[in-house]
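Notes follow the structure.
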DNA sequence: CCTAAATCATTGAGAAAGTCAATGATTGGA
DNA sequence: TCCAATCATTGACTTTCTCAATGATTTAGG
C-alpha cells in the first residue's frame with residue numbers, strides 16, 4: 009500500500025485532478041463561479057447549436073420574446089454586452105427573420121427589439137432544450153438546493169429585491 | 009399617480025432594468041450564473057490589474073504556488089483552458105520571473121510549473137487583494153449563505169466529495 | 001526488443017469575442 | 001435656440017477561443 013503522505017504517481021494518474029481541488033484555488037468562490045459557469049455554458053451551447061443559436065443569441069431572442077419590449081441599450085446593459093456586439097447579434101437574428109427592430113414611437117433614436125412569430129417558435133424550442141440541459145447540469149443538487157442557489161445568484165447578479 | 013398596470017416611460021427611465029428581471033431570462037439559473045460570474049470577474053480584474061495580473065494569470069500563478077506541482081496538462085484541464093493558451097500564459101509569467109518550468113523527472117514530456125520566490129510574493133499580494141474584492145462582491149450575502157453557495161458551486165463545478 | 005498508438009508541450013492559423021473611439025440622428029434642458 | 005447627453009452604428013484593434021499539426025517521449029502489444 010502506497011504511502012498516503014506523498015501522492016504517488018499512480019494516484020496522480022488515476023482520477024487525477026483531485027489534488028488540485030485541495031489548493032486554495034479550489035476554495036475560491038470566484039473560481040468556483042467561473043468553473044460552474046463554464047460547465048453550464050458548455051451544456052447550453054451544446055443543445056442550442058442544433059437550433060442554430062448560441063447562448064448569446066438565445067438570450068437576446070428570449071428577451072425579445074418577452075412582453076417588455078427592450079431596446080438595444082437595455083439589452084446591452086442587462087446582458088453586459090457592448091452596444092456594438094448587440095448590433096451584430098441583432099443583425100444576425102433579424103437576417104434570419106427571428107427578430108425585428110421597431111422604432112420607438114416616443115424616441116426616434118431608440119430601437120425596440122421584438123421577436124417575430126418564427127422567433128417565438130424557435131425560442132420555445134430552445135427553451136425546452138436549455139431547460140432540459142440545465143436540469144441535467146444541476147442534477148447534482150437537490151431541488152431546494154437549486155432554489156437556494158438561484159436566490160443567492162440573483163442577489164450576486166444584482167437582481168432587484170423580490171416583491 | 010400613473011397606472012401601475014403599464015410601465016410608464018418615467019418608470020422605464022428610472023432605475024430602469026427591473027422590468028427585464030421579471031422575464032424568464034431573469035429566472036434562468038444559467039443566466040444568473042453567467043451574470044454573477046461576470047461581476048465577480050470584473051471585480052477581480054480590477055484589483056489584479058495594478059499588480060500586472062489578469063484573472064487567468066493569477067489562477068495559474070496560484071496553482072504554481074501550491075505544493076501540488078501541477079503540470080501544464082493538469083492546469084489546462086483544471087482551468088478549462090486549451091493547452092496552447094497555457095503555453096502563452098506560462099511564457100508570460102516565466103518571462104517576468106514569477107514561475108518556472110521544471111522538467112518532470114519521471115516523464116520528460118512533462119513540465120511542472122512552479123512559482124519562484126518573486127511569484128510567491130506577488131501571489132500573496134494578489135491573494136489579499138482578490139479576497140478583499142471577493143468579500144465586497146459577496147457582501148450582499150450573509151456568511152452562512154456564502155458558505156452554502158460555495159458548497160453548491162463546488163458541486164456544480166465538479167469538485168470531488170469533501171473528505 | 002521493437003513497433004504502434006497515445007500523450008505532452010508547442011506552434012500557427014483562423015474564427016469569435018471583447019474593447020474603444022468616433023459619428024449621425026435625435027432628444028432634453030438651460 | 002443652442003449645447004450636452006443619449007442611442008445605434010461603424011470601424012479598428014486587441015484578446016481570447018478553437019483546432020489541426022508537429023516533435024519528443026512514453027506506454028502497450030506482439
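Residue numbers (my numbering), protein chains in the order written: chain A, 9 to 171; chain P, 9 to 171.
Glycine included, every Cβ here is placed at the ideal spot set by N, Cα and C.
Residue 143 of chain A has its alpha-carbon roughly 45 Å from the corresponding atom of residue 125 of chain P. Under a criterion of Cβ atoms nearer than 7 Å, no residue of chain P is adjacent to residue 127 of chain A; the nearest Cβ is some 14 Å distant. Under the three-pair Cβ rule at 8 Å, the segment 133 to 143 of chain A does not count as touching the segment 101 to 120 of chain A. Residue 119 of chain P: member of the beta strand (DSSP E) spanning 115 to 123, first to last residue. Taking 7 Å as the Cβ-Cβ cut-off, the segment 51 to 77 of chain A approaches chain P at 52, 67, 70, 71, 74 and 76, given in chain order. Of all residues in the segment 22 to 35 of chain A, the ones placed with a Cβ closer than 8 Å to any Cβ belonging to chain P are 23, 24, 25, 26, 27, 28, 29, 30, 31, 32, 33, 34 and 35, in chain order. Nearest to residue 66 of chain P by alpha-carbon distance, out of P:36, P:161 and P:129, is P:129. The C-beta of residue 43 of chain P comes closer than 8 Å to at least one C-beta of chain A.
In the structure shown, residue 112 of chain P adopts extended strand secondary structure according to DSSP, grouped into three states. Contacts with chain P (Cβ-Cβ distance below 9 Å) from the segment 81 to 96 of chain A involve 82, 83, 85, 86, 87 and 88, listed in chain order. In the three-state scheme derived from DSSP, where H, G and I count as helix and E and B as strand, residue 136 of chain P is classed as helix. Residue 148 of chain P carries a coil assignment under DSSP once its states are collapsed to helix, strand and coil. Classified as buried, residue 27 of chain A has 16 or more neighbouring CB atoms from the shown chains inside 10 Å of its CB. One alpha carbon belongs to residue 33 of chain P, the other to residue 35 of chain A, and they sit about 29 Å apart. Here the alpha carbons of residue 119 of chain P and residue 56 of chain A stand approximately 37 Å from one another. Beta-bridge analysis with DSSP links residue 107 of chain P to P:123. The segment 151 to 168 of chain A makes contact with the segment 157 to 167 of chain P: 3 or more CB pairs, one atom from each, lie closer than 8 Å. For residue 52 of chain A against residue 63 of chain A, the beta-carbon gap comes to about 5 Å, under 8 Å, which counts as contact. Residues of the segment 130 to 142 of chain A that bring their beta carbon within less than 9 Å of a beta carbon in chain P comprise 135, 138, 139, 141 and 142, in sequence order.
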